[in-house]
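Colleague: Going by the working numbering, the letters in the sequence shown line up with residues 48 to 155, in that order.
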Amino acid sequence: MSVVERSSSTSAPVRETDPLLKDLNEKKQSFRKNVVSLAAELKEVRNRLASQEQSFAKETETRHDAENKARIMEEEISRLQERLEERNGQLQVSASTADKVPINVPTF
């Protein structure tokens, strides 16, 4: 075999594999781009999740504060209701006593 024949026989398979290597390289590059894109998307989703978790924690704290305030207000309303009923009872006793006692009006 001459040098020319060898080079043509070895260059033929290289040319045949060239498109395969090119295709494989393109697929590799596409895969890398997809991985980079997915990594960026994952980072964005993680950031949104962290933000939602913070929002949820703040909302939970606000709800607890509101529930505590509502409980305190209910207790205050209950105390005021008891005082009102007590005062109403005292006024009824006083009014009842006043009806029974004759009033002496001085005459001139």
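Even glycine gets a Cβ: it sits at the ideal position worked out from N, Cα and C.
If we ignore side chains and look at the alpha-carbon of each, how far apart do GLU121 and ASN151 end up?
Modeller: What you label residue 121 is simply residue 74 of the sequence shown in a count that begins at 1. What you label residue 151 is simply residue 104 of the sequence shown in a count that begins at 1. When rounded, the distance between both Cα atoms is 47 Å.
Colleague: Measuring only the C-alpha atoms, how far is GLU88 from LEU67?
Modeller: Translated into positions along the sequence shown, residue 88 becomes position 41. Translated into positions along the sequence shown, residue 67 becomes position 20. Cα to Cα, GLU88 sits roughly 31 Å from LEU67.
Colleague: Within its chain, find whatever has a CB closer than 7 Å to the CB of SER84; leave out the 5 residues flanking it on each side and keep chain order.
Modeller: Along the sequence shown, read from residue 1 onward, the residue named residue 84 stands at position 37. Once the five neighbours on either side are set aside, SER84 has no close Cβ partner at all.
Colleague: Once DSSP output is grouped into helix, strand and coil, what is the label at ASN151?
Modeller: As a first step, residue 151 must be located in the sequence shown, where it is residue number 104. Of the three classes helix, strand and coil, the one that applies to ASN151 here is coil, per DSSP.
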